[in-house]
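A quick write-up on the structure given underneath.
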Amino acid sequence: MSELLRRYGATLSGLFVLLTAFWLLVLVILPYIYLFENSFRPYLPITEVGGPKDVYSLDNYLTFFRSSIHIKVFFSTIVYSSVVTVLCFCIAYPLAYYLSKVAKNAIVPSLFLLLMIPLWVSEILRSFAWFIILAFKGPLNYGLLGLGIISDPIRWLSGFRGIIIGFVYTYVLFMLFPLYNAIQSLDTNQIEAAQDLGSPWWRTHWRVILPHAKPGIASGSVMVFMLSAGSILVPTLLASTTSRWFTEIIQQWMFESQDWNTGSAYAFLLLLLCTVFVSVVMRIFRVRLSDIAK
Amino acid sequence: MKGSVELDGVSADFGNFRAVDKVTVSIKPGEFFSFLGPSGCGKTTILRMISGFVTPSEGSVRIGGQDVRNIRPNKRPTVLIFQNLALFPLMPVWENIAFGLEVRGVGKAARRAKAEELLKLVDLPGAADKAITQLSGGQKQRVAIARALAVEPAVMLLDEPLSALDLKLRQHMRAELRAIQKRTNVTFIYITHDQGEALAMSDRVAVMSQGRLQQVAVPQDIYNRPANGFVASFVGENNIFAGTIESRSGGSALFKTGSGTFKASLGPGINGATPVKLYVRPEQTRLLEAPPQGTNSIPVTVADVAFEGNFINIHVENGEGHHFTVETRNDGTARVPLRGSTMSMAFDPEHAIVLADESGIQGRSA
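This is the structure we're talking about:
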């Protein structure tokens, strides 16, 4: 703080602190508090707001537990977010290993650039592009038919397929970067030492590289999982009639029913339940929060 | 034959850079063999070619008589001890040691027993369940050696494993390593830039510079009969005189320098064409009040005296401004000359050796 004052003087330092405080308080914390408070109040006609019926209760939260459909949607959201996380790991791990330990230093920046370029396009456009690619009479089916790999076109956008493909594509880099950093920090001598002691490649990965990369795997997984479970865009664009995502229910409460109270309660429930789920998984894999922060 | 290592005209190129240049050497089973040289001389690359992490660009490597060209590192009968040891920090000590056995499908109980046994061998009993981070530098060293011995290699490759230790521990580990090597009778190939280490531990030493072997010999011969000027100046100290051979007869010669003409012995492979210099070890020189009869001497002025305890280093200079060192053993009665006094530095012809001047090639860095 004194360093800040010395560098920029009182006026500028004050401005920085004020702007940061404004952003944090007004744009982040206050809206949350507002929604949190509302989530405990009933949805009432405007004339009755503040009246005798406007009391705090857990009713909005209990609505979720009383609806078997919503519980089912919640669990499929958890299950398919997990599937997305595992798929992202399967794709990102070999790539991260290649980038950090195999590829020559000179080409790594170019490879990263190639990976980043798709990120420059907005998520909406990317998801919509997949909508076109995966369409029943779209280019993917056309190509696969043309190559003779399949004999009948596949309904890519039925069930959760479209959502999974869209999520993996959108979030795989969030898995790649922490993994890359984790593997990068492993002393290459350790890999060579394992080989030198006779270890085949898979055991070197299992016993030396994967344990070292665990914090990276954990933080990548938490990010991909939370982003997937909380995303609304990909499910809206790539969902089918049989795939409902929990965020869509929140959106329905808020924008179709105009019931912000129940919507807020659902949003906080999603956050809470996902946090519980992630904590349990972390406990199972013996990952500590401090590992992820590294 | 198990445990022998033969390098036959082996070279290694990295792009345009030739790290190792046509090295041929034959290492006997059970030998303690050192590659000695300044950093960047290619000695680590040689080690990595033997262990299989670097493929020679020409020549062949044979281990136990078998050409290992197409054998991957994990299938070679060699184990490398890395300079930074490369212990696995996430495994406890015993799992580190037993890793090679785990790979070979040995059961857990047997692995544990073998690890305990090796820990006794390297004098670290009771450390089996410790974490690697709990160990001191010397203890890590021992664990690395135990981990390597666990797979019963025919050849153990050591890449400056003592360089991270402090002086006392280093000297202790030298003796320890040597003892372990004799006990296990495994071929040790040792890489170092520390001449003391190489001379003290090895059965034979190969001195390297700029990717080339300069001399392969037993330690005494490396020191007493250096093959060329590089070996002479890299191993131990020397007083060096520039000059030319005036005349030669048999193994001796008259060597003409700016400070006078000296009687000298000819080193190996000296013909008229090679540029040469005269090398005299500081401990083979002595300071006298008056010029002696029948041996070489030059008048010098005492510039500085360094009392080292067991010996005394006297730095002198002659009229042309050349600096020399005279080393005298401290037998308790040695007189220390006064700074500024004029004396004679004397040395005998058999200890003044004319060698090919290779000191120019020393300048390349890593």
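If you read the protein sequences in the order shown, they are chains R and V.
Numbering that gives the first Met the number 0 numbers the first residue of the first sequence as 0 and each following residue consecutively.
Numbering that gives the first Met the number 0 numbers the first residue of the second sequence as 0 and each following residue consecutively.
C-beta: ideal position from N, C-alpha, C; glycine also.
Predicted model only: the values in this text are computed from it and were never measured.
- request: Answer yes or no: do Gly-58(V) and Ser-10(V) have a C-beta to C-beta separation smaller than 7 angstroms?
  value: yes
message: Against Leu-89(V), what residues of chain R qualify as contacts under a CB-to-CB distance less than 7 angstroms, listed in chain order?
response: Pro-210, His-211
field: Reduced DSSP secondary structure (H/G/I, E/B, other) of Glu-151(V)
entry: coil
message: Here's the rule I'm using: 16 or more other beta-carbon atoms within 10 Å means buried, otherwise exposed. How should Leu-18(R) be labelled?
response: exposed
field: Identity of the residues DSSP links to Leu-253(V) by a beta bridge
entry: Ser-246(V), Lys-262(V)
- request: Output the distance between the C-alpha atoms of Gly-242(V) and Leu-157(V), rounded to the nearest integer angstrom.
  value: 41 angstroms
query: Skipping 5 residues on each side, what residues in its chain have a beta carbon closer than 8 angstroms to that of Arg-111(V)?
result: Trp-93, Ala-97, Ala-127
field: Glu-5(V) to Gly-51(V) span [Cα, whole Å]
entry: 14 angstroms
task: Count the other C-beta atoms from every protein chain shown that fall within 10 angstroms of the C-beta of Phe-135(R), then say buried if there are 16 or more, exposed otherwise.
output: exposed
message: Using a 10 Å radius around the Cβ and a threshold of 16 neighbouring Cβ atoms, would you call Val-301(R) buried or exposed?
response: Lying outside 0 to 293, the shown extent of chain R, residue 301(R) is not represented and no answer is given.
Collapsed DSSP secondary structure at Pro-88(V) in the structure displayed: coil
- prompt: Regarding Gln-189(R) and the ligand GTP, is the C-beta to nearest heavy atom distance less than 6 angstroms?
  reply: As for the ligand GTP, it is missing from this structure, which has no ligand bound.
task: Using a Cβ cut-off of 7 angstroms, pull out every chain V residue sitting near Arg-285(R), in sequence order please.
output: Ordered by position in chain V, no residue passes the 7 angstroms Cβ test against Arg-285(R), which lies about 12 angstroms from the chain.
message: For a test of the three-state rule: what should DSSP assign to Gln-283(V), helix, strand or coil?
response: helix
field: Option in Gly-104(V), Val-215(V), Thr-341(V) with minimal Cα separation from Gly-318(V)
entry: Thr-341(V)
field: Chain-ordered chain V contacts of Gln-194(R) [CB-CB under 7 angstroms]
entry: Pro-72, Asn-73
message: Tell me which residues share the same chain as Leu-26(R) and place their Cβ nearer than 6 angstroms to its Cβ, disregarding the 5 neighbours each side in the sequence.
response: none
- prompt: For Leu-86(V), which option in Arg-103(V), Met-48(V), Asp-20(V), Gln-133(V) has the closest C-alpha, if you only look at C-alpha atoms?
  reply: Gln-133(V)
- prompt: At a CB-CB cut-off below 8 angstroms, which residues of chain R make contact with Arg-103(V)?
  reply: Gly-197
- prompt: Can you tell which of Glu-36(R), Leu-110(R), Ile-216(R), Leu-178(R) has its C-alpha closest to the C-alpha of Asn-59(R)?
  reply: Glu-36(R)
query: Which class does His-321(V) belong to by DSSP, given the choice of helix, strand or coil?
result: coil
field: Closer than 7 angstroms at the beta carbon, the chain V residues around Gln-189(R)
entry: Ala-85, Phe-87
task: Going by DSSP, name the residue or residues bridged to Asn-238(V).
output: Val-279(V)
message: Tell me which residues share the same chain as Lys-21(V) and place their Cβ nearer than 6 angstroms to its Cβ, disregarding the 5 neighbours each side in the sequence.
response: Gly-8, Ser-10
- prompt: Any Cβ of chain R within less than 7 angstroms of the Cβ of Val-150(V)?
  reply: yes
Simplified DSSP state of Pro-28(V), which is helix, strand or coil: coil
- prompt: Which word fits Cys-89(R), buried or exposed, when buried means at least 16 other C-beta atoms lie within 10 angstroms of its C-beta?
  reply: exposed
- prompt: What do you get for Ala-367(V), buried or exposed, if any count of 16 or more other CB atoms within 10 angstroms of its CB means buried?
  reply: Residue 367(V) lies beyond the range of chain V shown here (0 to 365); nothing can be said about it.
- prompt: Quick one: is Leu-164(V) near chain R, going by C-beta distance under 7 angstroms?
  reply: no
- prompt: According to the neighbour-count rule (16 or more other Cβ atoms, all chains shown, within 10 Å of its Cβ), is Val-233(R) buried or exposed?
  reply: buried
- prompt: Thr-332(V): buried (16+ other C-beta within 10 angstroms of its C-beta) or exposed?
  reply: exposed
query: Taking just the CA atoms, how far does Ile-80(V) sit from Ala-147(V)?
result: 7 angstroms
query: Are any of the Cβ atoms in chain R nearer than 7 angstroms to that of Phe-13(V)?
result: no
- request: Please state if the CB of Val-204(V) and the CB of Leu-354(V) are separated by a distance shorter than 7 angstroms.
  value: no
query: Exposed or buried, what is Ala-365(V) when buried is set at 16 or more other beta-carbons lying within 10 Å of its beta-carbon?
result: Because the pLDDT of Ala-365(V) is 30, which lies under 50, any placement of that residue in the model is unreliable, and the number read from its coordinates should be weighed accordingly. With fewer than 16 other Cβ atoms within 10 Å, it is exposed.
message: For a test of the three-state rule: what should DSSP assign to Ser-208(V), helix, strand or coil?
response: strand
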